[in-house]
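Asks: Questions regarding the structure given below will be posed in turn.
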Amino acid sequence: MSGFRARYGASPLHLLLVLCSFALTAYAGIRLLAGGQAWMVVVWFVGAALLHDLVLLPLYTVTDRAAQSVLGRRREPAVEGNPPMRGGINYVRVPVFLSGILLLTYFPLILGRVDNFTAYTGLPDDVFLGRWLLITAVLFSLSALLLLARMWSARPLRPSP
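For reference, each letter of the sequence shown is one residue, going 375 to 535 in our numbering.
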């Protein structure tokens, strides 16, 4: 087993999971391309890759760099066994990422671009923007609470007299 790990670099379970994910991807690709509009699927994938690499990646890289410059990258030394407090950038990154994933997934509903959705679910069309904003506010509130708890636990202990 150690010879396999030395040659492959990970456990056999890792290799099995990677092969299963490739098999699942191949199955989904075959099913997707088996339809009559395989050319449109290829155009969509190429367009999505170009949009991501040429527009979105520079956009969120610049945004992340700006957030890092505003929040700073301070690293305070550990005091008497307390862990050092690092910059709070990840307390902004995580809720932005989760909120962005929700927006990306449900943007037609959030922006009201779906017709006949009420007939399928019984929900009115105008509730999704408010719910997404509420979820985003809760995510940022929880992140702020975690940051405050982390800052409180990382504060220096008072020296005993």
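Ideal placement from N, C-alpha and C gives every residue a C-beta, glycine not left out.
Bear in mind the structure is a predicted one, so any value in this text is a computation, not a measurement.
(1) State the start and end residues of the unbroken alpha helix (DSSP H) segment that holds Leu516.
(2) Assuming Arg487 is part of the alpha helix (DSSP H), what are its boundary residues?
(3) Is the beta carbon of Leu521 less than 9 Å from the beta carbon of Tyr465?
(4) Confirm, please, whether the CB-CB distance from Asp499 to Val368 is below 9 Å.
(5) Just to confirm my understanding: we take Leu350, look at its own chain, exclude 5 residues before and 5 after, and list those with CB closer than 7 Å. What are they?
(6) Take the Cβ of Pro469 as the centre, count every other Cβ of all protein chains shown within 10 Å, and call the residue buried at 16 or more, exposed below.
Replies: A quick look at the data gives this:
(1) Phe502 to Ser527
(2) No alpha helix (DSSP H) holds Arg487; DSSP gives it neither H nor E.
(3) yes
(4) Residue 368 falls outside the range modelled here, since the chain spans only 375 to 535, and no answer is possible.
(5) Residue 350 lies beyond the range of the chain shown here (375 to 535); nothing can be said about it.
(6) buried
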